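Numbering (my numbering), first residue to last: 1 to 385.
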């Protein structure tokens, strides 16, 4: 039973309460938040209650009781790695006497390819397709245990890998940081006050090897003293286009793609050709928001989204942007955007998703002058493997 009052919710269980980590997640149209609490096994025959309070955390409970429950401070996170690369599942723990890693609920044995380093992180070397799956970091001590899971997706690199010859000479190199690319990495641009920008993969060309933090679009106005501006996004590795907005009509621009590393160095593509953004004073932003109809998972890594848009507004739009994100507890996860050009498009397949994961999805329409407000939010889970 659920009883709620003044942001406090009580779950009452009629039977014995099994011990473990209990998690409460609250989801709204714009955000999600949650918290976890460790409950020792209950052996009483009375009903048991667990109180989830937004202001109470495991750390404060531990301090109040004088015990030191194990904690997972950082990680692990979902990530994608190329086959034959080496990567690390980060898991920073505190107050833990024992660290155990599970893959698909089976204990991972330490050997030549798997090793636990630091305060609990799992290093995997020479990754194979068989390593793909759900990994769980479990920290425990005499007072209890805590665990957190993440997914590893393995991909086979396509095309030629640059600098792969000296891969073995760099102890901190990760082949998953490399991409395939063509010799010409300049972005191509099409006309709109919101630029629909197609890009190719960027050469890995930093003086040292660092983990890639994000990939983004940069642009600069061709006036004296203007510097490159970075769009505040993180392009997925499979993305081939992005809408750049807030540009000023009647100006000249150049664009490029930037790979930004954890040490804040960056590697960039060649700049695009000079582009003239025409004045579009007669165009007004679209007014009607799309209506998201349904989202259905077709495969473990894909969701099909369908929407409607008023026919009388179709002449005033250039396409749609799908906004989606995973629903996780704790800190909110940033939305990812996928641009769908074409006013008549009414469905799209989102892929490269994580299996058995809930996603919330919105749709907006755009043209050269701006975009609409977001549609209603639809939520669905990807299929399990």
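We put the beta carbon where it would ideally sit given N, CA and C, even for glycine. All figures in this text were calculated on a predicted structure; none of them were measured in a lab.
Same chain only: Cβ atoms within 6 Å of residue i, ignoring 5 sequence neighbours per side
i           : result
residue 133 : 103, 104
residue 292 : 307, 363, 375, 376, 378
residue 271 : 254, 256
residue 156 : 83
residue 371 : 364
residue 349 : 302, 304
residue 108 : 101, 114
Environment of residue i [buried if 16+ CB atoms lie within 10 Å]
i           : result
residue 99  : buried
residue 121 : buried
residue 148 : buried
residue 334 : exposed
residue 183 : Its pLDDT being 47, under 50, residue 183 is placed unreliably by the model, and nothing is read from it.
residue 373 : exposed
residue 305 : buried
residue 286 : buried
residue 311 : exposed
residue 178 : Only weak support exists for where residue 178 lies, its pLDDT of 37 falling under 50; the coordinates are left without a value.
residue 136 : buried
residue 138 : buried
residue 146 : buried
residue 106 : exposed
Reduced DSSP secondary structure (H/G/I, E/B, other) of residue i
i           : result
residue 287 : coil
residue 371 : strand
residue 339 : strand
residue 316 : helix
residue 311 : helix
residue 141 : strand
residue 251 : strand
residue 95  : coil
residue 49  : Confidence is the limiting factor: at residue 49 the pLDDT is only 39, short of 50, which leaves the residue's position unreliable, though a coordinate-based value still follows. Of the three classes helix, strand and coil, the one that applies to residue 49 here is strand, per DSSP.
residue 78  : coil
residue 381 : strand
residue 376 : coil
Proximity to residue i [Cα-Cα], best of the options
i           : options            : result
residue 338 : 344, 357, 361      : 361
residue 256 : 375, 241, 359      : 241
residue 251 : 234, 220, 231, 301 : 220
residue 345 : 333, 357, 234, 363 : 363
residue 347 : 377, 295, 140, 156 : 295
residue 307 : 378, 142, 112, 382 : 378
residue 366 : 350, 321, 333      : 321
residue 303 : 114, 382, 266, 289 : 382
residue 288 : 74, 108, 73, 313   : 313
residue 235 : 216, 350, 81, 323  : 216
residue 380 : 371, 266, 357, 368 : 357
residue 343 : 150, 116, 115, 290 : 290
residue 76  : 101, 96, 283, 82   : 101
residue 384 : 298, 71, 336       : 298
residue 154 : 139, 125, 146, 283 : 125
residue 309 : 319, 222, 353      : 319
residue 369 : 82, 245, 87        : 245
residue 97  : 115, 130, 141      : 141
residue 269 : 223, 260, 275      : 260
residue 274 : 283, 223, 231      : 223
residue 150 : 323, 283, 324, 88  : 88
residue 90  : 113, 108, 71, 123  : 123
residue 324 : 336, 107, 71       : 336
residue 283 : 276, 78, 249, 301  : 249
residue 152 : 359, 371, 353      : 353
residue 81  : 107, 108, 127      : 127
residue 79  : 119, 118, 71, 131  : 131
residue 300 : 355, 351, 118, 359 : 355
Contact set for residue i: own chain, Cβ-Cβ below 7 Å, skip 5 residues either direction
i           : result
residue 73  : 92, 93, 94
residue 229 : 218, 219, 220
residue 129 : 83, 154
residue 227 : 220
residue 266 : 258, 259, 260
Neighbourhood of residue i by C-beta, 8 Å cutoff - its chain only, sequence neighbours within 5 removed
i           : result
residue 110 : 116
residue 231 : 216, 217, 218, 219, 242, 244
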